[in-house]
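Engineer:
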Amino acid sequence: MTESLSATEPVLAATSAYLVESLPELWFGLVVATFGVYLLLDGFDFGVGVLFAEADETERRQFLAAFGPLWKANEVWLVLFGTVLFAGFPAAYAAILGRYYLAVFALLLALGLRGLGSKFRGERDDERWVRFWDRCFVVGSAAAPFLLGAFAASWALGEPSVIAVVPLLAGAATVALVTALGAAFLCVKLESPIRDRLVRRGRAATAGYVALGTVTLVASVIRYPALRSEIQSVPMGGLCIGTIACAGIAVAAATGNRYRWFAVATAGLAVAFAAFIGVLLYPAVDPATGTTIADAVAAPLSLNLTTGFAVIFLPLIGTYFVVLYSLFDDPASDSGQYQHG
Amino acid sequence: MSVRIPVSAIGDSAADLVATIAFLSPELASRIQFGWTITVHILFASLSIGLAPFLVYVTVQEVRTGDRRYARLREFWTKVFGVGFVMGTVTGIPMGFMFGTNFGSFSTTVGELLGGPLSFEVKMAFFLEAVSLGVLLFGRERVSDRFYVLSSVLVGVGAWLSAFWVLVVNSWMQTPRGYEIVTEGGTSVARLTDPVAAFFNPRFPWMYVHMQNASIIAVTLLVAGVAAYFVRTNRESDAWRTALRLAVVVLLVTSAFQAVHGDAYGRHVADTQPHKFAAMEAHYETGQADLHLVAIPTDPEAITDPRAENLYTISIPHAASFLASGGDPTAEVTGLDDFEFESPPVAIVFWSFRLMVGLGFWFIALGAWGTYRYWRGDLAEADRYLQVLTASAPLGFVALLTGWYVTEIGRQPWLVQGVLRTAEGVSPSLTSTEATLTLLGFVVGYLGLLAAFLLVCKGFVDEERDRCGVGDRDDTDGTTDGRPREVTADD
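Keeping their order, the protein sequence lines are chains E and H.
Heads up: the first sequence runs through residues 976 to 1316, numbered per the working numbering.
Heads up: the second sequence runs through residues 187 to 677, numbered per the working numbering.
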């Protein structure tokens, strides 16, 4: 073995104490929160991709103009979620990703198709080229949330494979969720007759999400008797009520042409989804192996240091997003007024 | 895998090949998958790193002078940057996840130490780059000149900070410091004891300077090659003549610097990873070593199994001893036979190193040749030179990849030098079928991706060439307000 320790005194010495006693739990909260923000923000983009399937060429350009400047930044939240889990709970990260090996790569493939499809379609003036990448965009945008939902449910329930009844139901529910998110996002961004259709799709998707979510929960109670008390707990009940309330507001706001409220209410649905996952997991980070937060959490010096960076940079990242979203806040016009990129 | 292919249809050797692929061990499949993924990813990561300073320069010039030619260069290279960034993201995101999917034991052992820097990369750099790029690609019409210049600078800062943290992680694996090994419940993990020593480990500054400069060289050569092509299409194109002049001078300076830096870097490798140094020189028996400037295999076997003493070489006697020891021509250099662990794949390391160094000298020559013609004032008329420059456009990326192979393959069998072998880092749950399936997916998928990227870039070049057509003097009709032409989705 080569020399393993430096001769000089460490600037930051190893310590046996976390910055605050509950730092491991807070860090677990950060894992769930980054997942939620990712689901919310890229959920808008996936929804745009799903709705893209039935749009005509003019509408497609509007859709792409509306989401073009934003999706790359939204996608980074997935990477942040991954690295936050890795930095906080490295052994759990390895176990979880190893278990859902093929599903993880399928998700990455879907994300690749989405990103390349939307970017490449406009780069060449060739009918077949455009159609090919359009298909990639739609398929990727539908498959990614499906796999993400299935992955999240398997992880939270400790199911060893995503190909099981409840994860598959959760995946379908997630597709409905992002469709509602996408419809709401486009209603805010586009001023055109297409809004009427988006409202109809958004309402149907919201109702579909509530229906599929209910079936998923009922199926979970039946399939996982050991988790019955956890699934029927007070926080879960609260989240169910919150979800139904958000869905009600979303449908009413969409019907009343109050698009920003429509977007906020569907965003509430996504946040509640992440909270479901967090409540189901806690106090484990990997229910399949029973690994708890305390078992898997990184040592104090590593976690304290990473927390320091998070405290400094998360507000800054929030600021970037406020700036980015306000810069591209105004409705995209019929011709798609953003400069081609 | 249980795919049955009729042997008679494809012949014995093909059947052997199928069998070999079908039974790749999880370790080998994971290594090839990671190596292939990084091979493709690094091209686009380097494109971002190298192109960012160039974009900042032309954007600043455009805003400062209002000169149309800078707007034109910015428009062209921003398009390339935008597509390259998406390629970089699509190919880069899987890599972080592969630490968990394919190298789970590695993540369990050193994740606590390396998870931090990887999350810093995302928090400090990746967000910054992705958000600023949204403004750079879509915001020319909506933000002030100053804000636009700032966004181009921030895209560059993001790209360079990304590389910073990724190379912190990589360099720690080459020269690990600032940690201790603790065993908990039968599992050994590396625990951070000194972040400064760990993150600013001995290899880090060498690697960072060499890699960033290599990226600049690669992109400079690309810009030079493309500019040479357009200048030959239209000698009057002010925009591309400007790009050409800039590129040849930058090429000379950066490639000369890389040679000097690389020489010192080699000494550092000899000190800290002697087995890698021995593999670079195919030096098997401990003793005095010569430096082989040029090596030519005398029989086919020497290609796959190079041994310095068996090759036809042009060498400087004792120079490797001199370099490795920092001045003693008689110093002993430890040969590969004398290490107690197995050697890295010597052939790849040895030939990659030679290719990288050879290309490096070719770049110096190209830079010097071009700078001389520029000084004489007939750079745009130097037809032969412009052709050679265009043909050499992709070679910077080849040099960069071969350098990366020397670094990464040369450290085998270690994943973390002296701490964790590659074979010990693979996920224990990974099956041969899973690993082989995804490997095939990555090979096919990324080849398709590269083809699509090249097709898109060819489209950019064709479009620009049409604009550059002979007699088209749109570059020279004075200045504009520095704004690009209005582009709509109908374009």
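Beta carbons are placed, not taken as given, at the ideal position from N, Cα and C, and that holds for glycine.
Anything in the stretch 1105-1121 of chain E with a Cβ closer than 7 Å to a Cβ of chain H? List those residues in chain order, please.
Structural biologist: Result list empty, no residue passes.
Engineer: Going by beta carbon distance, what residues of the same chain come within less than 6 Å of residue 1012 (chain E), once the five residues before and after it are set aside?
Structural biologist: Result list for residue 1012 (chain E): 1052, in chain order.
Engineer: What separation, rounded to the nearest whole angstrom, lies between the Cα atoms of residue 994 (chain E) and residue 1043 (chain E)?
Structural biologist: The alpha-carbon atoms of residue 994 (chain E) and residue 1043 (chain E) are separated by roughly 40 Å.
Engineer: Find the nearest neighbour of residue 615 (chain H) within the set E:1073, E:1101, E:999 and E:1017, judged by alpha-carbon distance.
Structural biologist: Considering only alpha carbons, the answer is E:1073.
Engineer: Have a look at the DSSP bridge pairing and note the partners of residue 1266 (chain E).
Structural biologist: E:1261.
Engineer: Please confirm whether residue 269 (chain H) and residue 303 (chain H) have their CB atoms less than 7 Å apart.
Structural biologist: Not in contact: residue 269 (chain H) and residue 303 (chain H) (Cβ atoms no closer than 7 Å).
Engineer: How big is the Cα-Cα spacing for residue 1056 (chain E) and residue 1010 (chain E)?
Structural biologist: Distance between the alpha carbons of residue 1056 (chain E) and residue 1010 (chain E) is about 6 Å.
Engineer: Within 10 angstroms of its Cβ, does residue 228 (chain H) collect 16 or more other Cβ (buried), or is it exposed?
Structural biologist: That one is buried.
Engineer: In this structure, how does DSSP classify residue 363 (chain H) when only helix, strand and coil are distinguished?
Structural biologist: The answer is coil: DSSP assigns residue 363 (chain H) none of H, G, I, E or B.
Engineer: Can you pull the chain E neighbours of residue 460 (chain H), defined as C-beta to C-beta under 9 Å?
Structural biologist: Those do not exist, as residue 460 (chain H) stays about 10 Å from chain E at its closest Cβ, beyond 9 Å.
Engineer: In chain order, what residues of the stretch 1274-1296 of chain E put their CB closer than 8 Å to some CB of chain H?
Structural biologist: Of all residues in the stretch 1274-1296 of chain E, 1274, 1276, 1277, 1280, 1281, 1284, 1285, 1288, 1289, 1292, 1295 and 1296 have a Cβ within less than 8 Å of some Cβ in chain H.
Engineer: Counting only beta-carbon atoms, is residue 1099 (chain E) nearer than 7 Å to chain H?
Structural biologist: Interface residue, yes.
Engineer: Could you pull out every residue in the same chain whose Cβ sits closer than 7 Å to the Cβ of residue 476 (chain H), ignoring the five residues on either side in sequence?
Structural biologist: Result list for residue 476 (chain H): 501, 502, 503, 504, 505 and 506, in chain order.
Engineer: From residue 388 (chain H) to residue 448 (chain H), what distance separates their C-alpha atoms?
Structural biologist: Each residue's Cα considered, the two are about 15 Å apart.
Engineer: Under the rule that 16 or more other beta-carbon atoms within 10 Å means buried, what is residue 617 (chain H), buried or exposed?
Structural biologist: Residue 617 (chain H) is exposed by the Cβ-count criterion.
Engineer: Kindly list the residues whose CB is nearer than 6 Å to the CB of residue 1006 (chain E), restricted to its own chain and excluding five residues on each side of it in sequence; keep chain order.
Structural biologist: Cβ within range, chain order: 1059 and 1060.
Engineer: Under 7 Å between C-beta atoms, does residue 656 (chain H) make it to chain E?
Structural biologist: Summary for residue 656 (chain H): the model assigns pLDDT 49, below 50, so the residue's position carries little reliability; its value from the coordinates is reported in the next sentence. Chain E contact via Cβ: absent.
Engineer: Contact between the stretch 396-414 of chain H and the stretch 574-585 of chain H is defined here as three or more beta-carbon pairs at a separation below 8 Å; is this criterion met?
Structural biologist: Judged by Cβ distances under 8 Å, the stretch 396-414 of chain H makes contact with the stretch 574-585 of chain H, as three or more pairs qualify.
Engineer: Mind checking whether residue 1262 (chain E) and residue 1124 (chain E) have CB atoms under 7 Å apart?
Structural biologist: The answer is no: Cβ separation not under 7 Å.
Engineer: Quick one: which chain E residues come within Cβ less than 7 Å of residue 276 (chain H)?
Structural biologist: Within chain E, the residues near residue 276 (chain H) are 1087, 1090 and 1091.
Engineer: Counting beta carbon pairs with one atom in the stretch 211-225 of chain H and one in the stretch 310-325 of chain H, are three or more of them shorter than 8 Å?
Structural biologist: Short answer: they don't touch.
Engineer: With 9 Å as the limit, tell me which residues of the stretch 614-627 of chain H have their beta carbon closer than that to any beta carbon of chain E; keep them in chain order.
Structural biologist: Within the stretch 614-627 of chain H, the qualifying residues are 614, 615, 616, 617, 620, 621, 623, 624 and 627.
Engineer: Of the residues that make up the stretch 369-386 of chain H, which ones have a beta carbon closer than 7 Å to any beta carbon in chain E?
Structural biologist: Flagged, chain order: 377, 378, 379, 380, 381, 382 and 383.
Engineer: Please classify residue 993 (chain E): does DSSP put it in a helix, a strand, or coil?
Structural biologist: Three-state DSSP puts residue 993 (chain E) in coil, outside helix and strand.
Engineer: Give me the residue from H:602, H:301 and H:455 with the minimum Cα distance to residue 381 (chain H).
Structural biologist: The shortest C-alpha separation from residue 381 (chain H) is found at H:301.
Engineer: Between residue 1068 (chain E) and chain H, is the shortest Cβ-Cβ distance under 7 Å, so that the two count as touching?
Structural biologist: At least one chain H Cβ lies under 7 Å of residue 1068 (chain E).
Engineer: On the criterion of 16 or more Cβ atoms from any shown chain inside 10 Å, does residue 600 (chain H) qualify as buried, or is it exposed?
Structural biologist: Result: buried.
Engineer: Is residue 481 (chain H) helix, strand or coil when you go by DSSP?
Structural biologist: Correct three-state label for residue 481 (chain H): strand.
Engineer: Let me check understanding here. Comparing Cα to Cα, which of E:1049, E:1188 and E:1229 lies closest to residue 1247 (chain E)?
Structural biologist: When only C-alpha atoms are compared, the closest one is E:1188.
Engineer: Determine the DSSP secondary structure at residue 1143 (chain E), reduced to helix, strand or coil.
Structural biologist: Note: residue 1143 (chain E) maps to helix in three-state DSSP.
Engineer: If residue 437 (chain H) sits next to residue 410 (chain H), beta carbons under 8 Å apart, how far is it from one beta carbon to the other, in whole angstroms?
Structural biologist: That pair is a contact at about 6 Å.
Engineer: So, does the CB of residue 1300 (chain E) fall closer than 7 Å to a CB anywhere in chain H?
Structural biologist: So no, residue 1300 (chain E) is outside the interface.
Engineer: Please confirm if the stretch 1176-1187 of chain E is in contact with the stretch 1107-1123 of chain E, defined as three or more CB-CB distances below 8 Å between the two stretches.
Structural biologist: At 8 Å Cβ cutoff, the stretches do not touch.
Engineer: Give a yes or no on whether the C-beta atoms belonging to residue 481 (chain H) and residue 530 (chain H) are separated by under 7 Å.
Structural biologist: No, the pair does not count as a contact, with Cβ atoms beyond the cut-off.
Engineer: Out of H:519, H:494 and H:472, which has the shortest C-alpha to C-alpha gap to residue 453 (chain H)?
Structural biologist: Answer by Cα proximity: H:519.
Engineer: List the endpoints of the continuous alpha helix (DSSP H) containing residue 1197 (chain E).
Structural biologist: 1169-1198 is the extent of the alpha helix (DSSP H) around residue 1197 (chain E).
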